[in-house]
Structure formats: structure tokens, C-alpha cells
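J.:
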């Protein structure tokens, strides 16, 4: 799939505020500072589409981008939040849960994990919650250019085993780099295949 057009379609904090025009939604989420905005900009070929920041926790709203006038890329706030008050954290959790549990147009959630590090409890708790709620998801290991190929493969294999301690089988898994474009074709082709199956 080639993305020829990506249009910002609105921000929301609850389902009732989503764009009125309905299309299949592919959402992206990850812990603070995992490189989500950079990945979204890489996938769409637009460096200014999603707001990037060196400060974690910049995304506080659910942002919809209409892609090729046929599906939405949805940028969700991060979990495992940046430094903020307990009240603000709870509000953010409500925004995320409201979308994940009630957006009937969401086809797939991409969970972003840093390819350099072990999966931590916050990540596994979130993945387990998705399983309990029957939310379909795939995993994207980000920052794939930060380790050499051998070290990266070893770390990702370790993380797969951590996931398999909780799950009987692995979800779809991708490796990406917003710097080199690694994983772009694989992720977009996967979305295209899901859309084709949906239409059939």
C-alpha cells in the first residue's frame, strides 16, 4: 500500500466526538516516548502529521487521520504515563479505555514496544487487558535501527518468549525504524490485506 493522502480529521476524548464519517480504524498506542508519533509520520510520509516531542506523554487526545479516503489511522495517548498528576493519569486512562472498548470501527490496535529493551510489567499488563477484552492487536517493535541486526534479533526473540509465557501464540509482529523506514512496507501491506479481507 502507498499512502497518497493523510488528512487530520479531528481530536476527541470520547466516542461520541469521533469523526462522523465512518471508516475502518487502525489505532496506534505505546508507552510514553516509544516513538509513536515518529512512526506515524514515517508510515504516512509526512514528518509533520503527528506531533513529536522529546517530552513523553505529549498526546492527550485521540487523533484521527483519514488515509487515502478509505481508512483512519488513529493516534492514541500513551499508557505508562509521563510525569503528571494522578487525576490527569486517570483522565487519560478513561480516554484510552473509552476508545478501545467502544469504538466499533476499530479493526486493529498496533501496540508499540521499544526493540532495545525487555518488555516490562506495564506492557504485559496492558497486553493481558487487551486479551481479556478480546481486542485484536499486533505488536510493532520500534527504534529497530538502534541495535545491530544480531543484537536486535536476540532482544526481540527474548521479548517473544516473555509474551509466550502469557499467551498461547504470538500476535502479528513487526520491527520498525522511523529513521530508516524499516518495517514501513510490511506494516502498510498488512493493513491493506486486512482491509481487503474486510471488503471480501
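Residue numbers (this note's numbering): 90 to 289.
Beta carbons are placed, not taken as given, at the ideal position from N, Cα and C, and that holds for glycine.
1) Give the straight-line distance between the Cα atoms of residue 110 and residue 221, rounded to the nearest whole angstrom.
2) Okay, do the segment 178 to 193 and the segment 157 to 168 touch, 3+ Cβ pairs below 8 Å being the bar?
3) Rounded to the nearest angstrom, what separates residue 156 and residue 126 at their Cα positions?
4) For residue 100, which three-state DSSP category applies?
5) Mark residue 240 as exposed unless 16 or more other C-beta atoms lie within 10 angstroms of its C-beta, in which case mark it buried.
6) Three-state secondary structure (DSSP) at residue 176?
7) To the nearest angstrom, how far is it from the Cα of residue 237 to the Cα of residue 243?
8) So with Cβ pairs under 7 Å, would you call residue 238 a contact of chain B?
9) Quick one: Cα of residue 143 to Cα of residue 196, how far?
10) Leaving out five residues before and five after residue 232 in sequence, what residues of the same chain have Cβ atoms less than 7 Å from its Cβ?
11) Should residue 201 and residue 229 be called a contact, given that it needs their Cβ atoms to be closer than 7 Å?
12) Between which two residues does the alpha helix (DSSP H) holding residue 212 run?
13) Please classify residue 269: does DSSP put it in a helix, a strand, or coil?
14) With a CB to CB cut of under 6 Å and the five nearest residues on each side skipped, what residues in its chain are close to residue 248?
15) Could you compute how far the alpha carbon of residue 178 sits from the alpha carbon of residue 186?
T.: The short version:
1) In the chain shown, the residue the question calls residue 110 occupies position 21. In the chain shown, the residue the question calls residue 221 occupies position 132. One C-alpha to the other measures close to 29 Å.
2) yes
3) One-based indexing of the chain shown puts residue 156 at position 67. One-based indexing of the chain shown puts residue 126 at position 37. Cα to Cα, the separation comes out at about 16 Å.
4) Counted from its first residue, the chain shown places residue 100 at position 11. Note: residue 100 maps to strand in three-state DSSP.
5) If you number the chain shown from 1, residue 240 lands on position 151. It is exposed - the Cβ of residue 240 has fewer than 16 other Cβ atoms within 10 Å.
6) As a first step, residue 176 is located in the chain shown; it is residue number 87 there, counting from the start. DSSP places residue 176 in helix when its eight states are reduced to three.
7) Mapped onto the chain shown, residue 237 falls at position 148. Mapped onto the chain shown, residue 243 falls at position 154. For residue 237 and residue 243, the distance between alpha carbons rounds to 10 Å.
8) The structure shown contains no chain B; it holds only a single protein chain.
9) Taking the first residue of the chain shown as position 1, residue 143 is located at position 54. Taking the first residue of the chain shown as position 1, residue 196 is located at position 107. Caution applies to residue 143, whose pLDDT of 44 falls short of 50 and renders its modelled position unreliable; the model cannot decide the point.
10) The residue labelled residue 232 in the question sits at position 143 within the chain shown. Within the same chain, residue 232 has close Cβ partners 124, 203, 204, 205 and 266.
11) For the purposes of this step, residue 201 is identified with residue 112 of the chain shown, where counting begins at 1. For the purposes of this step, residue 229 is identified with residue 140 of the chain shown, where counting begins at 1. Yes. Within cutoff.
12) The residue you call residue 212 lines up with position 123 of the chain shown. It spans 210 to 221 - the alpha helix (DSSP H) in which residue 212 sits, taken as one unbroken run.
13) Numbered from its first residue, the chain shown carries residue 269 at position 180. In this structure, residue 269 counts as coil in the three-state DSSP scheme.
14) By 1-based counting over the chain shown, the position of residue 248 is 159. Excluding positions up to five away in sequence, the list reads 208.
15) For this step, residue 178 is matched to residue 89 along the chain shown. For this step, residue 186 is matched to residue 97 along the chain shown. Answer to the nearest angstrom: the Cα atoms are 12 Å apart.
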